[in-house]
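Counted from 1, the sequence shown has number 424 at position 21 by our numbering; the numbering is strictly sequential.
Worksheet: one structure, shown below.
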Amino acid sequence: MSEQKKEPTYWYDTDNKELVLEEDDREYRFYLQDKFEFEGNEYCILTSSESKDEEESLLMRVEKEDDKDILVVIEDDGEFEAVSRHYHSSQLDNND
């Protein structure tokens, strides 16, 4: 009998202002650094609340499922590169 993998779930811890991802009986905590739109999609930048390295972050796409926002890993390299370039150039423009 094969074991069915459970989909990751997430919720917002308002006390600590952290996004909590629960996957495979583990809990991962992130800070939402930014949320932005690009080419009709919504994306967010997350940093681990446990890591001291601010350079390490995750870029995720936000999708709707049953009227709820879900976070999706960007698997397409072209999409990831385009979104990353857009985000970094918009940050440079904001610093001018």
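Glycine residues also receive a C-beta, built at the ideal position from the N, C-alpha and C atoms.
Outcome for residue i when other beta-carbon atoms lying within 10 angstroms are tallied against a minimum of 16
i      : result
Met404 : Below a pLDDT of 50, predicted positions are generally treated as unreliable, and Met404, at 49, falls in that range; the measurement from the model is reported next regardless. Result: exposed.
Val486 : buried
Glu478 : exposed
Glu421 : buried
Arg464 : buried
Glu426 : exposed
8 Å contact criterion, which residue i and residue j should meet: CB distance rounded
i      : j      : result
Leu424 : Tyr446 : At roughly 16 Å, the Cβ-Cβ gap does not stay under 8 Å, so Leu424 and Tyr446 are not in contact.
Ser460 : Ile448 : 5 Å
Where residue i falls: helix, strand or coil (DSSP)
i      : result
Asp479 : coil
Ser451 : strand
Asn497 : helix
Glu430 : strand
Glu484 : helix
Beta-carbon gap between residue i and residue j smaller than 8 Å
i      : j      : result
Ser452 : Arg432 : yes
His491 : Phe441 : no
Val475 : Glu482 : no
Gln436 : Thr450 : yes
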